[in-house]
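So the sequence lines, in the order shown, correspond to chains A and B.
Counting with the UniProt record's numbering, you get residues 1 to 140 for the letters of the first sequence.
Counting with the UniProt record's numbering, you get residues 1 to 140 for the letters of the second sequence.
Don't be surprised by glycine CBs; every beta carbon is placed ideally from N, CA and C.
These notes concern the structure reproduced below.
Number of protein chains: 2
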Amino acid sequence: MYERKTPLSIDCGLHLTREVLNGKWKPALLYAISMDIKRPSEILRLLPGVTRRVLNVQLKELETHGMVEKKTYPQLPPKVEYSLTEIGRSLIPVIDAMNQWGDANRSFLETVIAQDPKIGETSKSICLKYGHMLVERKIG
Amino acid sequence: MYERKTPLSIDCGLHLTREVLNGKWKPALLYAISMDIKRPSEILRLLPGVTRRVLNVQLKELETHGMVEKKTYPQLPPKVEYSLTEIGRSLIPVIDAMNQWGDANRSFLETVIAQDPKIGETSKSICLKYGHMLVERKIG
DNA sequence: CAGAATCCACCAGGATACTG
DNA sequence: CAGTATCCTGGTGGATTCTG
């Protein structure tokens with residue numbers, strides 16, 4: 001009577017994805033790592049807003065959720081590198097879609113969200129930082 | 001020297017999108033409305049987890065962010081209908097991507113998130129509800 | 001450079017009850 | 001059916017400090 005026997009849920013997936021991406025910096029972290037910005041110090045430089053502690057916490061969550069892998073080099077000074085897992089990599093297109101939508105509607109969104117002082121500063125500085133990185137990466 | 005003069009930020013868009021989608025039920029709400037489940041009572045029936053108050057709050061935010069429009073019919077009993085705006089509609093593909101990714105990796109994600117008792121019940125009941133809706137909508 | 005331990009403030013979101 | 005007012009708490013994420 002209806003096309004699919006198991007009426008694939010409409011919302012479950014949404015909730016699961018939300019769960020994985022739940023955390024102020026998670027999408028950005030995944031995105032950064034996907035760009036080979038894989039060392040904590042690099043990430044901290046990239047995202048002026050995030051704290052060491054929060055960075056660790058959220059990376060840890062991404063790790064336990066199987067989105068990223070952590071490689072620790074027992075050196076001095078210590079060195080740590082994160083990389084996307086298979087499934088983590090499969091999330092990038094989604095994050096990319098989010099990013100592109102936000103970019104495409106930036107002016108409108110900035111206006112509309114203007115009242116909300118939350119992200120204003122943060123996101124702007126991040127923009128600059130990222131722009132910088134882009135240049136560096138393109139040139140280097 | 002580098003391909004684009006204005007090195008389109010990588011993260012701004014992400015933050016803006018996060019801002020709009022920030023709220024436990026926002027993606028689901030947009031999704032529901034996109035499916036013509038537009039009346040508050042319908043939505044409440046659909047999402048067993050959400051409260052009247054929270055529903056109102058988040059719908060209000062979506063409204064002030066320009067994602068949805070609210071139409072009030074001054075009747076008795078009162079009748080209210082929400083609809084997506086142009087830009088709100090443009091967000092659906094993104095939400096759809098989130099949803100599909102979650103669905104595609106459901107078994108893995110459920111396992112991995114299992115420790116986290118947060119959503120367990122909620123998302124399951126939502127699945128059922130939604131499945132139901134699908135059937136109803138396909139048949140009706 | 002990486003990261004663990006505390007401490008804390010804030011707010012999102014849930015429960016409840018009441019009005020039109 | 002829709003909406004509002006209170007109240008309350010759990011968790012997120014920020015600041016700080018200290019180790020290897």
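Per DSSP, what are the beta-bridge partners of residue i in this structure?
{"i": "V80(B)", "result": "T72(B)"}
Taking Cβ-Cβ distances shorter than 8 Å, what residues in chain B pair up with residue i?
{"i": "G13(A)", "result": "M98, N99, Q100, W101, G102, D103, A104, R106"}
List the residues of chain A that residue i touches, going by C-beta distances under 7 Å, in chain order.
{"i": "P40(B)", "result": "Neighbours of P40(B) on chain A: none; closest Cβ ~17 Å, over 7 Å."}
{"i": "P27(B)", "result": "L14, R18"}
How far does the alpha helix (DSSP H) with residue i in it extend, from its first residue to its last?
{"i": "residue 158(A)", "result": "Only positions 1 to 140 of chain A appear in this structure, which leaves residue 158(A) out of reach."}
{"i": "I33(A)", "result": "26-34"}
{"i": "R18(B)", "result": "12-20"}
Which bits of chain A does residue i rub up against, with CB to CB less than 8 Å?
{"i": "residue 154(B)", "result": "Nothing in the structure corresponds to residue 154(B), since chain B is present only between 1 and 140."}
{"i": "I87(B)", "result": "N105, F108"}
Using the beta-carbon of each residue, which ones in chain B are nearer than 9 Å to residue i?
{"i": "S90(A)", "result": "W101, A104, N105"}
- prompt: Of all the alpha helix (DSSP H) runs that stay within the bounds of the stretch 83-113 of chain A, which reach a length of 4 or more residues?
  reply: The qualifying runs are 86-104, 106-113.
- prompt: According to a CB-to-CB cut-off of less than 8 Å, which residues of the stretch 63-79 of chain B neighbour chain A?
  reply: Answer in chain order: T64, H65, G66.
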